[in-house]
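Asks: Take a look at the following structure, please.
Chains as they are written, first to last, in our numbering: chain A, 60 to 558; chain B, 545 to 827.
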């Protein structure tokens, strides 16, 4: 009897103990301090969380989201499944402590949008302003539409954990969806009709994603300026019949944004199928033909991998999006395979790069509006067996007015005259030098030589670089050449007088 | 070529010795005031307007019109005026305006009117300075001479009017009676030339010569002994408060001694276009 009582009380005690310890352990292991405090692998994330708005000390409303509030759905937390998941992590760690954390943590929308936390309506309304001209709307991303088999959830974008930040949105994730672009190549610009007149420039092979339409449209994020691109012609000027060229007029003509804004996007966000790079398929998979056959199926690939298995950048390479790069170097690149720094004088003239400390000029007006070589050099001719692209007044008139057709010719005439003048003075200086060489002291000789070399170099900038690339600057440079030659003549004449 | 050479010689004569005869003439016209280029460096002509002394008599306006044959209804030098306060404590402020003969932007040293001129750079020109060094420059429709004067060459000007729009001070206008040499269907641009023809002969500009209160002081900024240099140094005039529209970055070379802050009250708050100054504002 006594033994039976003992047994019953022991069983009850045991049950009580088990119940108490179960809830105790359950309570204890649900604390954020348990996750961050007991696992040293979680220290970084734990610290980042503490400095994040999800911690009450940084939250404007004093609310706090514990680890399990986000990392499990509202119904899942404090369940056996949750504990099991934790134990599985522990087991995996004990099995191989050096293994990298294999699986990205998945935060489901249900956790973020649970009652008392974020509300779908308020988040959707939220518009972010990064800079004066770059903005972002949450709204468009809340459509429940799958993107190539990939549902857009909160953690599609808000996923990156970096030091001091529990999660953030890296810009690259925006670019990966919005800016996967095949850039246009030189061969793609051509004239539509064959009689040499340029009516419209079209692309043989349009970029696969255009900045003018669809998800890559520039104006989704950027505010497109409406002011005139012609510094001398502003809207509301005296002559109301002339409409200045703006971004909008260019867009109406169907000109691709990337024909001026070169290389704003770098990288294609493609997936390496090999294992040479860190983010290829074969980093995780074994080499198998059947595997690679299915690699083109975006829906399948996204369905299989995201969000549980991999991040976007576990497979995709990064797409870079930068502000203006040098729009001339983009075209010069093709030449520079063989010729080192080809067309550098043309570039110097267009960009107004200072020649030396004394001679500098303003950039050509077309330079500031990102117009590159191919904008004017449209006529295709064959010269010495090479395809050469030449420019003519036609191209000026195609964009501007009929009066501009004459302008290029005027510039050419002027510069031809100027160059001829400089050459004449150079010849004069050389003749005089040959005549009076004997009179010069060693010092004067070296002075004359440096002057002549300098002058010829300046003359060459305009001769080789063709001064029409920047008329005013070319004339300034020629003035430098004139100065050198004339100084030489003066110096030489001076020696004649002393004799 | 030969034309240029004679021009060069005449200029050299002036600049080398400032021409004894010319200076003598100048001394007769304006006793006690001599114009000499600084011996060491090329001159940089500038003007100081002493607003403490200006009484708004407009003798400068009249002298300028007489000297330069400025056309009817147009002015190269004007006085703006404003009455402040209530009777009996009223005060009248005067602000003489003219071309600022700007040095131009910091980057390339070209003023906006010259930068926009389609005829600049035009013909080459040169002269010899006091040291005998040849100084070369480009003329054009409108251009800056190495001594700082912004001039219009009526032969090269095509009358496009771009310089008139580009000038932030509104000191340029078309001359309704002179055709542009480059395009005879248009009128030539007209502006204050700081009486280059007088200065080249060693005489002060007409407006300076006539100013009874000596409110206008003209001279070489590169010469540390000139009245202009001394005033600029004494009143610290090279700062933004003492020139018109310093924010335009044009580096104007007409400085104002301005104790009543006329530049701020009268000029900066003016209605654009309303006070374009080739029209005088006589109340």
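Note that the Cβ used here is the ideal one computed from N, Cα and C, for glycine as well.
Spell out the partners DSSP gives residue 732 (chain B) in its beta bridges.
Replies: If you number the second chain from 1, residue 732 (chain B) lands on position 188. According to DSSP, residue 732 (chain B) bridges with B:719.
Asks: Mind pulling the chain A residues with CB within less than 8 angstroms of residue 678 (chain B)?
Replies: Looking up residue 678 (chain B) in the second chain gives position 134. In chain order: 545, 546 and 549.
Asks: CA-CA distance, residue 617 (chain B) and residue 717 (chain B)?
Replies: As a working note, residue 617 (chain B) is residue 73 in the second chain. As a working note, residue 717 (chain B) is residue 173 in the second chain. If I take the Cα positions, the gap works out to 11 angstroms.
Asks: Does the Cβ-Cβ distance between residue 799 (chain B) and residue 590 (chain B) come in under 8 angstroms?
Replies: As a first step, residue 799 (chain B) must be located in the second chain, where it is residue number 255. As a first step, residue 590 (chain B) must be located in the second chain, where it is residue number 46. For the pair residue 799 (chain B) and residue 590 (chain B), the CB atoms are nearer than the 8 angstroms cut-off.
Asks: Report the rounded CA-to-CA distance for residue 620 (chain B) versus residue 464 (chain A), giving the unit in angstroms.
Replies: Your numbering for residue 620 (chain B) matches position 76 in the second chain. Your numbering for residue 464 (chain A) matches position 405 in the first chain. Their Cα atoms are separated by approximately 37 angstroms.
Asks: When the Cα atoms are used, what is the spatial distance from residue 681 (chain B) to residue 537 (chain A)?
Replies: For the purposes of this step, residue 681 (chain B) is taken as the residue at position 137 of the second chain. For the purposes of this step, residue 537 (chain A) is taken as the residue at position 478 of the first chain. Linking residue 681 (chain B) to residue 537 (chain A) through their CA atoms gives a straight-line distance of about 11 angstroms.
Asks: Go through its chain and collect everything with a Cβ distance to residue 200 (chain A)'s Cβ below 8 angstroms, but skip five positions before and after it.
Replies: Sequence index remark: in the first chain, residue 200 (chain A) carries index 141 (1-based). Contacts found: 211 and 216.
Asks: How about the segment 457-476 of chain A and the segment 504-513 of chain A: do they share at least three Cβ pairs that are nearer than 8 angstroms?
Replies: no
Asks: For residue 353 (chain A), count neighbouring C-beta atoms within 10 Å of its own C-beta (all shown protein chains included) and say buried if the count is 16 or more, exposed if not.
Replies: Here residue 353 (chain A) refers to the residue found at position 294 of the first chain. Classification for residue 353 (chain A): exposed.
Asks: For the segment 660-700 of chain B, list the alpha helix (DSSP H) runs that are entirely contained and at least 4 residues long, ordered along the chain.
Replies: none
Asks: Grab the span of the alpha helix (DSSP H) containing residue 480 (chain A) for me, first residue to last.
Replies: Here residue 480 (chain A) is taken as the residue at index 421 of the first chain, counted from 1. Per DSSP, the unbroken alpha helix (DSSP H) holding residue 480 (chain A) starts and ends at 463-495.
Asks: Using the beta-carbon of each residue, which ones in chain B are nearer than 7 angstroms to residue 420 (chain A)?
Replies: Within the first chain, residue 420 (chain A) is the residue found at index 361, counting from 1. Within chain B, the residues near residue 420 (chain A) are 652.
Asks: Identify, in the order they occur along the chain, each residue of the same chain with its Cβ nearer than 6 angstroms to the Cβ of residue 219 (chain A), setting aside the five sequence neighbours on each side.
Replies: Sequence index remark: in the first chain, residue 219 (chain A) carries index 160 (1-based). Within the same chain, Cβ atoms closer than 6 angstroms to the Cβ of residue 219 (chain A) are found at 227 and 229, the five residues on either side in sequence being excluded.
Asks: Can you tell me whether residue 462 (chain A) is buried or exposed? The criterion is at least 16 other CB atoms within 10 Å of its CB, across all chains shown.
Replies: Here residue 462 (chain A) is taken as the residue at index 403 of the first chain, counted from 1. It is exposed - the Cβ of residue 462 (chain A) has fewer than 16 other Cβ atoms within 10 Å.
Asks: So residue 666 (chain B) packs on residue 700 (chain B), CB below 8 angstroms; how close in whole Å?
Replies: As a working mapping, residue 666 (chain B) is identified with position 122 in the second chain. As a working mapping, residue 700 (chain B) is identified with position 156 in the second chain. Confirmed, Cβ separation roughly 5 angstroms.
Asks: My output table needs one value for residue 574 (chain B): the three-state DSSP class, helix, strand or coil.
Replies: As a position in the second chain, residue 574 (chain B) is number 30, starting the count at 1. Residue confidence for residue 574 (chain B) is low, a pLDDT of 40 falling below 50, so the modelled location carries little weight and cannot support an answer.
Asks: Rounded to the nearest angstrom, what separates residue 390 (chain A) and residue 447 (chain A) at their Cα positions?
Replies: Here residue 390 (chain A) is taken as the residue at index 331 of the first chain, counted from 1. Here residue 447 (chain A) is taken as the residue at index 388 of the first chain, counted from 1. The straight-line gap from Cα to Cα measures roughly 13 angstroms.
Asks: By DSSP, does residue 792 (chain B) sit in helix, in strand, or in coil?
Replies: Your numbering for residue 792 (chain B) matches position 248 in the second chain. Residue 792 (chain B) falls in the helix class under three-state DSSP.
Asks: Taking Cβ-Cβ distances shorter than 8 angstroms, what residues in chain A pair up with residue 665 (chain B)?
Replies: As a working note, residue 665 (chain B) is residue 121 in the second chain. Chain A residues near residue 665 (chain B): 531, 534, 535 and 538.
Asks: Nearest-angstrom Cα distance between residue 766 (chain B) and residue 694 (chain B)?
Replies: For the purposes of this step, residue 766 (chain B) is taken as residue 222 along the second chain, with counting starting at 1. For the purposes of this step, residue 694 (chain B) is taken as residue 150 along the second chain, with counting starting at 1. Rounded to the nearest angstrom, the two C-alpha atoms are 17 angstroms apart.
Asks: Just to confirm the assignment: which complete beta strand (DSSP E) runs, minimum length 3, are found wholly within the segment 746-773 of chain B?
Replies: 760-764
Asks: At the level of alpha carbons, what is the spacing between residue 401 (chain A) and residue 428 (chain A)?
Replies: The residue given as residue 401 (chain A) occupies position 342 in the first chain. The residue given as residue 428 (chain A) occupies position 369 in the first chain. Between residue 401 (chain A) and residue 428 (chain A), the C-alpha separation is close to 22 angstroms.
Asks: Are the CB atoms of residue 171 (chain A) and residue 213 (chain A) within a distance shorter than 8 angstroms?
Replies: Locating residue 213 (chain A) in the first chain gives position 154, counting from the first residue. Locating residue 171 (chain A) in the first chain gives position 112, counting from the first residue. The answer is yes: Cβ separation under 8 angstroms.
Asks: Label residue 748 (chain B) either buried or exposed according to how many other C-beta atoms from any shown protein chain fall within 10 Å of its C-beta, with 16 as the threshold for buried.
Replies: One-based indexing of the second chain puts residue 748 (chain B) at position 204. Buried.
Asks: Starting from residue 798 (chain B), follow the beta strand (DSSP E) in both directions and report where the run begins and ends.
Replies: The residue you call residue 798 (chain B) lines up with position 254 of the second chain. It spans 798-801 - the beta strand (DSSP E) in which residue 798 (chain B) sits, taken as one unbroken run.
Asks: Closest to residue 224 (chain A) by CA distance: which of A:73, A:105 and A:156 is it?
Replies: What you label residue 224 (chain A) is simply residue 165 of the first chain in a count that begins at 1. Checking every option, the nearest Cα to that of residue 224 (chain A) belongs to A:105.
Asks: With H, G and I counted as helix, E and B as strand and the rest as coil, what does DSSP make of residue 539 (chain A)?
Replies: Here residue 539 (chain A) is taken as the residue at index 480 of the first chain, counted from 1. The answer is helix: DSSP assigns residue 539 (chain A) an H, G or I state.
Asks: Can you give me the C-alpha to C-alpha distance between residue 738 (chain B) and residue 689 (chain B), rounded to a whole angstrom?
Replies: The sequence position of residue 738 (chain B) within the second chain is 194, counting from 1. The sequence position of residue 689 (chain B) within the second chain is 145, counting from 1. Rounded to the nearest angstrom, the two C-alpha atoms are 12 angstroms apart.
Asks: Taking C-alpha atoms, which residue in A:202, A:372 and A:449 lies nearest to residue 232 (chain A)?
Replies: Within the first chain, numbered from 1, the residue matching residue 232 (chain A) stands at position 173. Of the listed residues, the one whose Cα sits closest to residue 232 (chain A) is A:372.
Asks: Roughly how many angstroms lie between the CA atoms of residue 178 (chain A) and residue 91 (chain A), to the nearest whole one?
Replies: Taking the first residue of the first chain as position 1, residue 178 (chain A) is located at position 119. Taking the first residue of the first chain as position 1, residue 91 (chain A) is located at position 32. Cα to Cα, the separation comes out at about 23 angstroms.
Asks: What's the gap between the Cα of residue 183 (chain A) and the Cα of residue 198 (chain A)?
Replies: Counting from 1 along the first chain, the entry for residue 183 (chain A) is found at position 124. Counting from 1 along the first chain, the entry for residue 198 (chain A) is found at position 139. In a straight line, the C-alpha of residue 183 (chain A) is about 4 angstroms away from that of residue 198 (chain A).
Asks: Could you tell me which of A:521, A:292 and A:496 sits nearest to residue 476 (chain A), measuring between CA atoms?
Replies: Indexing the first chain from 1 puts residue 476 (chain A) at position 417. Closest option to residue 476 (chain A), Cα to Cα, is A:521.
Asks: May I have the straight-line CA-CA distance separating residue 692 (chain B) from residue 322 (chain A), to the nearest angstrom?
Replies: For the purposes of this step, residue 692 (chain B) is taken as the residue at position 148 of the second chain. For the purposes of this step, residue 322 (chain A) is taken as the residue at position 263 of the first chain. Whole-angstrom Cα-Cα distance: 44 angstroms.
Asks: For residue 726 (chain B), which residues in the same chain have their Cβ closer than 8 angstroms to its Cβ, ignoring the five residues on either side in sequence?
Replies: As a position in the second chain, residue 726 (chain B) is number 182, starting the count at 1. 663, 685, 699, 700, 701, 702 and 703, listed in sequence order.
Asks: Closest by CA to residue 809 (chain B), which one among B:653, B:639 and B:719?
Replies: Locating residue 809 (chain B) in the second chain gives position 265, where the first residue counts as 1. Ranked by Cα distance from residue 809 (chain B), the first of B:653, B:639 and B:719 is B:639.
Asks: Between residue 282 (chain A) and the rest of its own chain, which residues show a CB-CB distance below 6 angstroms, the 5 nearest in sequence each way excluded?
Replies: Position 223 of the first chain, counting from 1, holds the residue named residue 282 (chain A). Within the same chain, residue 282 (chain A) has close Cβ partners 192.
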